[in-house]
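> Chains as they are written, first to last, in our numbering: chain E, 30 to 324; chain R, 30 to 324.
The C-beta atom is built at its ideal place from N, Cα and C for all residues, glycine as well.
Quick caveat: nothing in here was measured; it's all calculated off a predicted structure.
Below you will find the structure I want to go over with you.
Number of protein chains: 2
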Amino acid sequence: MPNFADQLLAAIDAKQSPACVALDPVFESLPDELRSGVRSEDQSARLLAIGTFSRRVLELIAQHIPVVKINSAYFECYHADGVRLYDELLAEAAAMGLMTIGDCKRGDVGHTAEMYATAHLGGLTPHAITINGYFGLDGVKPFIDVAQTAGKGVFVLVRTSNPSAAAIQDVVTEGGRKVHEIVASQVNEWATDRGMTGISGYSSIGAVVATRNPADAARLRKAMPNSIFLVPGYGAQGGKASDFAPYFNPDSRGALVAAGRSVIYAFSGASPNWAGCITVACQRLCAETAGILSF
Amino acid sequence: MPNFADQLLAAIDAKQSPACVALDPVFESLPDELRSGVRSEDQSARLLAIGTFSRRVLELIAQHIPVVKINSAYFECYHADGVRLYDELLAEAAAMGLMTIGDCKRGDVGHTAEMYATAHLGGLTPHAITINGYFGLDGVKPFIDVAQTAGKGVFVLVRTSNPSAAAIQDVVTEGGRKVHEIVASQVNEWATDRGMTGISGYSSIGAVVATRNPADAARLRKAMPNSIFLVPGYGAQGGKASDFAPYFNPDSRGALVAAGRSVIYAFSGASPNWAGCITVACQRLCAETAGILSF
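Structural data, given as C-alpha cells:
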C-alpha cells in the first residue's frame with residue numbers, strides 16, 4: 030500500500046512546487062461564455078457550466094501543479110447532482126495524474142465517523158480529506174483507520190485564519206498553551222503513533238494551519254514536525270511567497286500552500302482567452318512557490 | 030416567517046414528548062425480509078432497501094413523535110444516490126408533519142460556510158441542522174444568516190459524549206473554564222444577540238450537549254438558558270428518563286432527547302412484525318420522555 034505523505038512529497042518534487050490549486054467554483058465567477066444563456070434559476074444548467082469549467086481547469090493545471098483541492102461545499106449546494114460532479118472531478122483529476130484532496134471538513138464520532146470515513150476515503154475517493162478534530166481521538170481514529178487501509182491521508186483542522194477563530198482556538202489554557210496548540214499536540218501524537226509515517230519521515234496525518242502570524246506558524250511547525258501542513262489562502266491576501274516560509278521545515282518540506290481565486294479566476298469575465306490566463310496564473314503560482322523551497 | 034424554536038416547542042407540546050428518533054440506517058441492521066436476496070456488493074440494491082426501511086420508519090413514527098433527526102453520514106457513503114435519498118426522506122418526513130433535523134455537523138468559514146448553509150438550510154432542506162463551532166462566529170454566522178431568512182434553526186456542537194472528547198473539550202482555560210464552556214458562552218451570545226428568539230423565549234440557535242455527567246448538564250443548562258439542547262444517546266447506554274432531567278429548564282422545556290437504535294432496530298432480524306416492534310418502541314420512547322417533563 031502506498032503511503033500518502035510519500036506520494037504527496039514525490040508529486041511535489043516531480044512538479045517542483047509545493048502548491049495546490051483550490052477548486053471552489055461558483056457560477057457567478059465563470060467566464061462569460063460559459064454563463065451565457067443560462068437562466069439564474071436553472072440549477073442543472075448552472076451545474077453543467079460549473080462542470081465544464083472545472084474539467085477545463087483540471088486539464089490546464091494538471092501538467093504544472095502536483096495537487097488539486099476540491100471543496101465539497103461548492104458542490105453540495107447542488108445536492109445529489111453536485112455531489113456526483115464532485116466525485117467525478119476527483120476521479121478525473123486523479124486520472125490526469127494529480128494528487129487530490131477533498132476539502133470536506135467532516136467530523137463526528139463512533140459509527141457516524143466510520144460512515145463519513147467510508148464515504149470520503151474509501152473506494153474511489155480523493156487521496157486525502159480535511160477533517161475536524163474537535164471530538165478528540167474518537168472522532169479522528171475512524172478516519173485514520175480507513176486512511177491507513179486505503180493508503181490515504183487526512184488533514185486535521187488546527188488553526189483557521191478567519192478573524193473570529195481566536196475566540197475559541199486561541200483561548201489560553203491553564204498550562205499556558207492555546208486551544209489550537211492542544212489540538213496541535215494531539216495531531217502530533219496521532220501523526221507519530223499511528224503507523225502512518227512514510228519512508229520520507231512524514232506522516233499521512235497532516236494539519237490545516239492557516240494562521241497569518243509567522244511566529245505562530247513557526248511554533249506550530251515545531252509542534253508537529255512530522256505532519257504536512259495544508260496552508261490555504263496563498264495569493265488571496267496579497268502575501269508574498271516568502272511569508273509562507275515558516276510553514277516549512279528546514280528540509281524545505283512539510284507544507285502545501287493552496288491558492289484558489291488567484292488561479293481559477295485569473296481572467297476578466299469577457300476574455301476569450303480565459304483558459305490561457307488560468308494556465309499563466311498556475312505557472313506563476315508554481316514558480317513563486319518553488320522559490321519558497323530555497324529558504 | 031415562522032421561528033424554528035417556536036415551531037419545535039409547539040410540535041413537542043402537540044405530541045407531548047420532547048424526543049426525536051435518530052434515523053441512522055445501516056443495511057446490515059435491516060429486517061431480514063428487506064435484506065433478503067441483496068448481494069453485499071450491490072450498492073444500489075442496498076440503498077433501495079435502506080430507502081424502503083427508512084420510509085416505513087417515518088410512517089410508523091410520524092403520528093407519535095414530534096421530530097426526526099436524519100444523519101447525513103449514513104447516506105453520504107452511498108455518494109450521490111445516497112444524498113438524493115437523504116433529501117427525499119427529509120422532504121417526505123416534513124410532508125408527514127414531522128419536524129426535521131439534518132445531522133450533518135458542517136463547519137467552515139467565509140464563502141465556504143455560506144455554500145454549506147445554502148446547501149443544508151436553503152430551499153427544500155430540513156428545519157434545522159447540526160453545525161461545528163470550532164471556527165468561532167465567522168463559521169457560524171453564515172448558517173445563522175440563512176437560518177434567519179428561512180425560519181430555520183441550528184444546533185451548535187458544544188460537548189460530545191465520546192470518551193476522548195475531554196482531551197480537547199474539557200481542557201481548562203486560564204479563567205478556570207473548560208473549552209466547551211467557552212463554546213457554550215459563545216453559543217449563548219449568538220443565541221441571544223442574533224434576533225433568533227421566538228415568542229416562546231427560546232432561540233433558534235441551539236446546542237448539541239451530550240455530556241453524561243448530570244452536574245455538567247445542569248451547568249450548561251444555566252450557561253445557555255435560551256438555547257434548546259439536542260441530547261443524543263437516549264436509550265443507547267441504558268440510561269433512565271430521569272437522567273435526562275438536568276438538560277431541561279424549570280419550565281420543563283429546552284431539550285430534545287434523541288433515541289436511535291433502541292427504536293429503529295427494536296426487532297429481531299427475522300421478525301415478521303418488525304414494523305410493530307418499531308411502533309411500540311417509539312410509543313414507549315414518547316411515554317418515557319413525557320415523564321421527564323414533570324420534573
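Do the stretch 189-202 of chain E and the stretch 143-162 of chain E meet, that is, are 3 or more Cβ pairs less than 8 Å apart?
Short answer: they don't touch.
> For Arg153 of chain E, does the count of other Cβ atoms within 10 angstroms reach 16, so buried, or fall short, so exposed?
Sequence inspection shows Leu at residue 153 of chain E; the Arg mentioned does not correspond to that position. It is exposed - the Cβ of Leu153 of chain E has fewer than 16 other Cβ atoms within 10 Å.
> Is the beta carbon of Gly262 of chain R sitting closer than 7 Å to the one on Ala239 of chain R?
Going by C-beta atoms, Gly262 of chain R is nearer than 7 Å to Ala239 of chain R.
> Below 8 Å on the Cβ atoms is my guess for Ala102 of chain E versus Met144 of chain R; work out the distance and round it to an integer in Å.
With a Cβ gap of about 4 Å, Ala102 of chain E and Met144 of chain R count as contacting.
> Looking at the strands, I want to know which residues DSSP matches up with Val67 of chain R.
Looking at the DSSP assignment, Val67 of chain R forms no beta bridge with any residue, so it has no partner.
> In the DSSP assignment, what are the bridge partners of Asn32 of chain E?
Asn32 of chain E is not bridged to any residue.
> Step through the CB atoms of chain R and report whether any lies within less than 7 Å of the CB of Ala40 of chain E.
No, because no Cβ of chain R sits closer than 7 Å to the Cβ of Ala40 of chain E.
> Consider the Cβ of Ile197 of chain E: report whether some Cβ of chain R lies at a distance smaller than 7 Å.
Closer than 7 Å: yes.
> Alpha carbon to alpha carbon, how far is Ala195 of chain R from Ile99 of chain E?
In a straight line, the C-alpha of Ala195 of chain R is about 32 Å away from that of Ile99 of chain E.
> Looking at the secondary structure, which residues open and close the alpha helix (DSSP H) in which Ala179 of chain R lies?
Ala179 of chain R -> alpha helix (DSSP H) spans Leu166 to Ala179.
> Decide yes or no for the touch test of the stretch 123-142 of chain R against the stretch 70-81 of chain R: beta carbon pairs closer than 8 Å, at least 3 of them.
Taking 8 Å as the limit for Cβ pairs, the verdict is that the stretch 70-81 of chain R does not touch the stretch 123-142 of chain R.
> Can you give me, in chain order, the residues of the stretch 90-113 of chain R that have a beta carbon less than 9 Å from any beta carbon in chain E?
Against chain E - using a Cβ distance shorter than 9 Å - the residues of the stretch 90-113 of chain R are Asn100, Ser101, Ala102, Tyr103, Phe104, Glu105, Cys106, Tyr107, His108, Ala109, Asp110, Gly111, Val112 and Arg113.
> Helix, strand or coil for Asp61 of chain E, going by three-state DSSP, please let me know.
The answer is helix: DSSP assigns Asp61 of chain E an H, G or I state.
> Name, going along the chain, the residues of the stretch 272-284 of chain E whose beta-carbon falls closer than 7 Å to a beta-carbon of chain R.
The stretch 272-284 of chain E vs chain R, Cβ under 7 Å: nothing.
> Just to confirm the assignment, what range does the alpha helix (DSSP H) spanning Cys311 of chain R have?
From DSSP, the alpha helix (DSSP H) with Cys311 of chain R extends over Trp303 to Ile321.
> Roughly how far, in whole angstroms, is the beta-carbon of Gly235 of chain R from the beta-carbon of Gly182 of chain R, given that I think they are within contact range, below 8 Å?
Contact flag correct, Cβ pair sits at about 6 Å.
> My guess is that Ala304 of chain R and Leu89 of chain R are in contact by the Cβ rule of under 8 Å, so how many angstroms apart are they, rounded?
Indeed they touch by this definition, with Cβ atoms about 6 Å apart.
> Would you list the one or two residues that DSSP bridges to Met144 of chain E?
The partner list for Met144 of chain E (beta bridge, DSSP) is empty, contrary to what the question assumes.
> Measuring straight from C-alpha to C-alpha, what distance separates Gly168 of chain E and Glu218 of chain E?
Each residue's alpha carbon lies about 15 Å from the other.
> With the cut-off set at 7 Å, would you say Ser291 of chain R and Gly264 of chain R are in Cβ contact?
Yes, the pair counts as a contact, with Cβ atoms nearer than the cut-off.
> If distances are taken between C-alpha atoms only, which option among R:Ala252, R:Ile321, R:Ala51 and R:Ile197 comes closest to Thr129 of chain R?
Measuring from the Cα of Thr129 of chain R, the nearest candidate turns out to be R:Ala51.
> Residues in its own chain within less than 6 Å of Ala146 of chain R by CB, not counting five upstream and five downstream?
Cβ within range, chain order: Pro171, Phe172 and Val175.
> Give me the Cα-Cα distance between Tyr115 of chain R and Ala274 of chain E, rounded to the nearest whole angstrom.
Cα to Cα, Tyr115 of chain R sits roughly 44 Å from Ala274 of chain E.
> From E:Val200, E:Ala43 and E:Thr318, pick the residue whose C-alpha is nearest to that of Val208 of chain R; which is it?
Per the Cα distances, E:Val200.
> Cα separation between Ile321 of chain R and Ala34 of chain R?
Using only the alpha carbons, I get a separation of about 19 Å.
> Can you give me the Cβ contacts of Thr308 of chain E inside the same chain, cut-off strictly under 6 Å, excluding the 5 residues immediately before and after it?
If we look at Thr308 of chain E and ignore the five residues flanking it on each side, its Cβ neighbours are Leu89.
> Nearest by alpha-carbon distance to Met253 of chain E: which of E:Ala91, E:Asp71, E:Arg85 and E:Ser232 is it?
Comparing Cα-Cα distances from Met253 of chain E to each of E:Ala91, E:Asp71, E:Arg85 and E:Ser232, the minimum goes to E:Ser232.
> Starting from the beta carbon of Glu203 of chain R, find every residue of chain E whose beta carbon is closer than 9 Å, and list them in chain order.
Correct list: Val200, Val201, Thr202, Glu203 and Gly205.
> If distances are taken between C-alpha atoms only, which option among R:Tyr294, R:Val260, R:Phe56 and R:Ala74 comes closest to Thr318 of chain R?
Residue R:Val260 is the option with its Cα nearest to Thr318 of chain R.
> Put Ala195 of chain E into one of helix, strand or coil per three-state DSSP.
Note: Ala195 of chain E maps to helix in three-state DSSP.
> According to DSSP, is Leu127 of chain E helix, strand or coil?
Three-state result, Leu127 of chain E: coil.
> Would His14 of chain R pass as a contact of Cys306 of chain R if the rule is Cβ separation under 7 Å?
Nothing can be reported for residue 14 of chain R: it is not among the residues displayed for chain R, which extend from 30 to 324.
> Return the Cβ separation of Ala109 of chain E and Val97 of chain R in integer angstroms, given the expectation that the two are a contact with Cβ distance under 8 Å.
Not quite, the Cβ-Cβ distance comes to about 20 Å (not below 8 Å), so this is no contact.
> Nearest by alpha-carbon distance to Ala270 of chain E: which of E:Tyr294, E:Ala246, E:Leu314 and E:Ser281 is it?
It is E:Leu314.
> Measure the alpha-carbon distance for Ser281 of chain R versus Thr226 of chain E and round it to whole angstroms.
Cα to Cα, Ser281 of chain R sits roughly 52 Å from Thr226 of chain E.
> Mind listing, in chain order, the continuous alpha helix (DSSP H) runs of no fewer than 4 residues lying wholly within the stretch 210-259 of chain E?
Taking only runs of at least 4 residues, the alpha helix (DSSP H) segments lying wholly in the stretch 210-259 of chain E are 243-252.
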